[in-house]
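Residue numbers are given in the working numbering: position 70 of the sequence shown equals residue 72, and the series is strictly consecutive.
Using N, Cα and C, we set each Cβ at its ideal position, and we do this for glycine too.
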Amino acid sequence: MERINVNVCLGSTCYVKGGANLQELNDIVPERYGDKVEVIGSPCLGLCSIKWENSKAPYVKVDDEVIEEATVEKVLAVNNKKLK
């Protein structure tokens, strides 16, 4: 099985809309999944600019799946689903 990539947007909008809380993933993911999942920070995923007025920041991409209004719980749920 290939490693799952969790790409966390660290852009300004995502950060202030709750992305700062997603830093917890850096501690939780290695403990829970070992080397099956890698957490990567991205300066900006560019997803806010698509529909700025309706932005659902913070954004996280788990492989190619975009999670809107991302929380630690939502990201972990997607990881659990992919690993089953």
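Measuring straight from C-alpha to C-alpha, what distance separates residue i and residue j?
| i | j | result |
| --- | --- | --- |
| Asp29 | Ala22 | 14 Å |
| Ile6 | Lys76 | 15 Å |
Between which two residues does the alpha helix (DSSP H) harbouring residue i extend?
| i | result |
| --- | --- |
| Asn28 | Leu27 to Tyr35 |
| Glu75 | Val74 to Leu85 |
Please look up how many angstroms separate the CB atoms of residue i and residue j, rounded, as I've assumed it's under 8 Å.
| i | j | result |
| --- | --- | --- |
| Lys8 | Val64 | Going by the sequence as given, residue 8 is Val instead of Lys. Confirmed, Cβ separation roughly 5 Å. |
| Val39 | Asn81 | 6 Å |
| Ser44 | Leu12 | 6 Å |
| Glu33 | Val74 | The pair is not a contact, with the Cβ atoms about 13 Å apart (cut-off 8 Å). |
In terms of residue numbering, what span does the beta strand (DSSP E) encompassing residue i cover?
| i | result |
| --- | --- |
| Glu40 | Val39 to Ser44 |
| Cys11 | Ile6 to Cys11 |
Give me the residue from the options with the minimum Cα distance to residue i.
| i | options | result |
| --- | --- | --- |
| Leu78 | Gly43, Asn56 and Val31 | Val31 |
| Val41 | Thr15, Asp66 and Val10 | Val10 |
Given residue i, which residues of its chain have a CB within under 7 Å of its CB, disregarding the five upstream and five downstream residues?
| i | result |
| --- | --- |
| Ala72 | Leu24, Pro60, Tyr61 and Val62 |
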